[in-house]
Amino acid sequence: MPEQLGEYRRIAVLGGVYSNALALEATLADARARGVEAVFCLGDMGGFGPHPDRVFPLLREHAVLAIQGNYDESLASGRTDCGCGYTDPRDNHFAAISYRYTLEGTSTENKAWLGALPRHRRLKLGPHRVLMCHGSPRVINEFLWESATPNGLLRHLMERAEVDVMLCTHTGIKWHRALPDARHAVNVGVIGRPENDGRTNVWYTVLTAGPDLAVEFVPVTYDHETLAREMEREGLPAEFAETVRTGWWTTCLENLPARERARGKY
Amino acid sequence: MLGRMTPRFDRIVLNEAAAPVAPAPRAPFLGLATLWVQITGTWCNLECRHCINASGPRTPWLKPLDGETIRRAIREAEALGVKEIYFTGGEPFLHREILPLLERALEAAPTTVLTNGTLIGPERADALAALAARAPYSLEIRVSLDDPDRARNDAIRGEGVWEKAVEAVRLLKARGLLPIVTATEITADAHPGPGGMQARFRDFLREQGVERPRLKIMPVFALGRQPASDQPPLTEEDLEGFDRSLLQCADARVVAAGGVYACPILAGLPGARLSAGSLAESLRSAPLYHPACVTCHRTGMTCRNS
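Line order of the protein sequences matches chains A and B. Counting from 1, position 247 in the first sequence corresponds to residue 247 in our numbering; the numbering is continuous, with no gaps. Positions in the second sequence are counted from 1; adding 1000 to them yields our numbering.
Below you can see the structure in the form of structure tokens.
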């Protein structure tokens, strides 16, 4: 049965909330002020930040249309790890602390809500057929970094999905590629933590339909100092709070390709 | 360029089972994510004690590839939506065309070269840095080093190798490249305590001035120059409830002399050969027939960078 697609002209898309309720609130307010018709979230509501249950009322009150990320899938199914697939013991050490904290701090009701989220969404943005996914259309935890995602792969994925625009997140760093055949791939970034550039703001994306697609990355500032203090009070690792305060990633660096890794401090 | 070479398949050196008793279980093929190019076959300037394909400086049993075969494979892989390309051997920097071939690969996809580091001096490091800067995608350089300790490393990889490999890491780092130091667990017993080899390597690299250490540590495979495994090959029963799509042969193929093979560990072995040269024809399920398949199944290892 053909899927009934929602039709929009202007939408906001965010990824990787990572329990950052303060950034989520600021992002939703910013998006509303820009006159978007709907707000979408590409998954990973928890992990990294404090008080995991705080983001869910915001997502529901603001009718955010979400899909499932690997973290959501892990929490909903009671997996023992976040599913990021690290092999470096240091990355795994921090990932395990964060996951255990989030698993314990997420209510049964919210886990069930995560479990009921779809893995993909399709919609029309003006003339453009859009596919939303978390990692990639084929694998929920596939990393699509800008310097490690070739045009040939993007074309292949979008041809198979029969779409003109593909939106993803998961890596934590935004990028946009307009392909020669007028297709677009956008990694919408994350609002849960800064993107390893020494700045404390986070990013989301506004997409506007037209003859061509307009892609606007929007920086969001929020009270990151309060977030860092809450993380410390909750006993989360000092390395996480350092990232929030400095804008440099301190953990989970293993999967960064050479080019993205070279831009960071660690 | 390469001198006279006679291809030779040595069943004993490569530990390929002589005759499987039952049909091997198979790994499904999902799509070509990773293309490996066995660019120099088993031709290498070193002769490491644990080399998985018994590479060395004498007549290689697996011949190097010519540039045109590699360009054709890259073209084919690009059309199939490949995500990453890897060059391995042998020692890739022995190949006369390595730099133009890396450049061509980088037009198609992010590309990694696995090297022992001994042939990377200042000029080559400059050329690699220039290549990385103008490429659309990341160039990754994996430098093999088996132990931070000179004597322990050289006992495995050869006299003087530690010095050259560490110098390569320093030269690359000084040019803004971030090589991935790649080790096997062959000296793991020498690194007990918290963090084990990972921690020792990370500390060592920091001492060398590498602020952003990158590491890849792999299990030792019982093939090539290592003693053969007496472990029986995988059976259907072993794989019950296991997600076979996690095996690297589910989305990788290797172009090497003689055809296209299921995985980089088994490149050149007749049992792992899936086509005579066409990538498209090799995109089918692969037999999990070799004792090395047991290691992949047990450890979940991948030869990819991460």
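Just so you know, even glycine gets a beta-carbon here, dropped at the ideal spot from N, CA and C.
Going by C-alpha distance, which of the options is nearest residue i?
i, options, result
"B/A1125", "B/L1101, B/K1173 and B/A1151", "B/K1173"
"A/P57", "A/L22, A/V163 and A/R193", "A/L22"
"B/A1054", "B/Y1289, B/L1266 and B/P1270", "B/L1266"
"B/Y1137", "B/P1092, B/S1282, B/L1102 and B/E1097", "B/L1102"
"A/V64", "A/R261, A/E25 and A/W145", "A/E25"
"A/M45", "A/N20, A/T27, A/A116 and A/P150", "A/N20"
"B/A1129", "B/N1116, B/K1083, B/G1176 and B/A1272", "B/G1176"
"A/R183", "A/V163, A/V244, A/R199 and A/F48", "A/V163"
"A/R199", "A/R263, A/W113 and A/R122", "A/R263"
"A/E232", "A/R245, A/L131 and A/V139", "A/R245"
"B/A1108", "A/T205, A/T208 and A/P150", "A/P150"
"B/I1039", "B/C1048, B/I1098 and B/C1051", "B/I1098"
"A/V220", "A/E7, A/H170, A/M166 and A/A33", "A/A33"
"A/Q68", "A/R9, A/W249, A/N187 and A/G43", "A/G43"
"B/R1304", "B/E1047, B/Q1208, B/V1037 and B/T1187", "B/V1037"
"A/R119", "A/T171, A/N141 and A/R261", "A/N141"
"A/V17", "A/F48, A/R79 and A/E7", "A/F48"
"A/A273", "A/Y8, A/F94, A/M158 and A/V202", "Given a span of 1 to 266 for chain A in the structure shown, any question on residue 273 of chain A remains unanswerable."
"A/W175", "A/L117, A/P211 and A/V215", "A/V215"
"A/P137", "A/A258, A/M158 and A/R129", "A/M158"
If we count the other Cβ atoms within 10 Å of its Cβ and call it buried at 16 or more, is residue i buried or exposed?
i, result
"A/E225", "exposed"
"B/F1029", "buried"
"B/P1233", "buried"
"A/E37", "exposed"
"B/D1147", "buried"
"A/E61", "exposed"
"B/D1189", "exposed"
"B/G1121", "exposed"
"A/E254", "buried"
"B/D1203", "exposed"
"B/Q1248", "buried"
"B/G1081", "buried"
"A/R160", "exposed"
"A/R10", "buried"
"B/E1281", "exposed"
"A/S107", "exposed"
"B/M1001", "With a pLDDT of 37 at B/M1001, under the threshold of 50, the predicted position of this residue should be treated as unreliable, though the coordinate-derived value follows. B/M1001 should be labelled exposed."
Taking Cβ-Cβ distances shorter than 9 Å, what residues in chain A pair up with residue i?
i, result
"B/G1081", "P150, G152, L153, L154, R155, H156, L157, E159 and R160"
"B/L1215", "D88 and E254"
Which residues of chain B have a Cβ atom closer than 8 Å to the Cβ of residue i, listed in chain order?
i, result
"A/N267", "Not covered by the structure: residue 267 of chain A. The range shown for chain A is 1 to 266."
"A/R261", "L1178, R1212 and R1214"
Pick helix, strand or coil for residue i, following the three-state DSSP scheme.
i, result
"A/M166", "strand"
"B/C1293", "helix"
"B/K1083", "coil"
"A/R9", "coil"
"A/I97", "helix"
"A/Y86", "coil"
"A/L131", "strand"
"B/K1173", "helix"
"A/S194", "With the sequence shown as reference, residue 194 of chain A is identified as Pro, and Ser is not the correct amino acid for it. Coil, per DSSP."
"A/F217", "strand"
"B/C1249", "helix"
"B/S1282", "helix"
"A/A262", "helix"
"A/Q68", "coil"
"B/A1027", "strand"
"A/S74", "helix"
"B/P1007", "Unreliable placement is indicated for B/P1007, whose pLDDT of 37 sits below 50; the coordinate value is still reported in the next sentence. Here B/P1007 sits in coil by DSSP."
"B/P1287", "strand"
"B/T1088", "strand"
"B/I1039", "coil"
"B/H1050", "coil"
"A/K124", "strand"
Using a Cβ cut-off of 7 Å, pull out every chain B residue sitting near residue i, in sequence order please.
i, result
"A/S107", "Correct list: empty, because the minimum Cβ distance to chain B is about 30 Å."
Could you name the residues of chain A that residue i contacts, counting a contact when the two beta carbons are closer than 7 Å?
i, result
"B/G1195", "P89"
"B/S1138", "S147, A148, P257, A258 and R259"
"B/E1078", "G152"
Going along chain A, which residues have a C-beta under 8 Å from residue i?
i, result
"B/Q1198", "D88, P89 and R90"
Below 9 Å on C-beta distance, what does residue i contact in chain B?
i, result
"A/Y266", "E1211 and R1212"
Taking 6 Å as the line, does the beta carbon of residue i fall inside it for any heavy atom of the ligand GTP?
i, result
"A/D91", "In the structure shown, the ligand GTP is absent, as is every other ligand, since no ligand is present at all."
- Residues of the region 65-96 of chain A with Cβ closer than 9 Å to any Cβ of chain B, in chain order: G85, Y86, T87, D88, P89 and R90
- Item | Residues from the region 1109-1127 of chain B in contact with chain A, defined by Cβ distance under 8 Å | A1109 and P1110
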